[in-house]
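Peer 1: Residue numbers (the UniProt record's numbering): 1 to 124.
Cβ atoms here follow ideal geometry from the backbone N, Cα and C, with glycine treated the same way.
Below is one structure. I have some questions about it.
As structure tokens, then:
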């Protein structure tokens, strides 16, 4: 088992890894819209936050030796499911023909006030 704690300026801020790799599978912890170059929070529209969180997941998956086309499953957490059509449009454009299994979890609120958090499992 291998843990990844840092990719660019994406870092774990607590007692967890950004990702754990085990037997050709990478498990990515929940990602927010964090600027991977500066490590700063990028609050914006639901579309902007969704795209940045997806790009962060992709960076971490690539650092583990995989790619977004090998993502098997994702969980998306959002406090406002009324915005789901906008999230789904960004998700569809990001993945194109690839359709990982997905779960959407409505929440009361997310850490720091983000609009979305995304975790993933990918095959290496």
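#1: Compute the distance between the beta-carbons of residue 46 and residue 83, then report whether it is under 8 angstroms.
#2: Compute the beta-carbon to beta-carbon distance between residue 5 and residue 54, rounded to the nearest angstrom, for a pair I have assumed lies under 8 angstroms.
#3: Please report the straight-line C-alpha distance between residue 72 and residue 51, rounded to a whole angstrom.
#4: Per DSSP, which residues does residue 74 bridge with? Please list them.
#5: Taking DSSP as the reference, what is the three-state secondary structure of residue 16?
#6: Terminal residues of the continuous alpha helix (DSSP H) containing residue 34?
#7: Cutting at 6 angstroms between CB atoms, please list the residues of its own chain near residue 106, excluding the five before and the five after it.
#8: Tell me which residue opens and which closes the beta strand (DSSP E) that residue 86 is part of.
#9: Going by alpha carbons, who is nearest to residue 68 out of 27, 110, 113?
#10: Confirm, please, whether the CB-CB distance from residue 121 to residue 20 is below 8 angstroms.
Peer 2: According to the data block:
#1: yes
#2: Residue 54 and residue 5 do not touch by the CB rule: their CB atoms are close to 21 angstroms apart, not below 8 angstroms.
#3: Cα to Cα, residue 72 sits roughly 18 angstroms from residue 51.
#4: 102, 120
#5: DSSP places residue 16 in coil when its eight states are reduced to three.
#6: Residue 34 -> no alpha helix (DSSP H), and no H or E assigned at all.
#7: 81
#8: Taken as a continuous stretch (DSSP letters only), residue 86 belongs to no beta strand (DSSP E), being part of the alpha helix (DSSP H) at 84-95.
#9: That would be 27, whose Cα lies nearest to the Cα of residue 68.
#10: no
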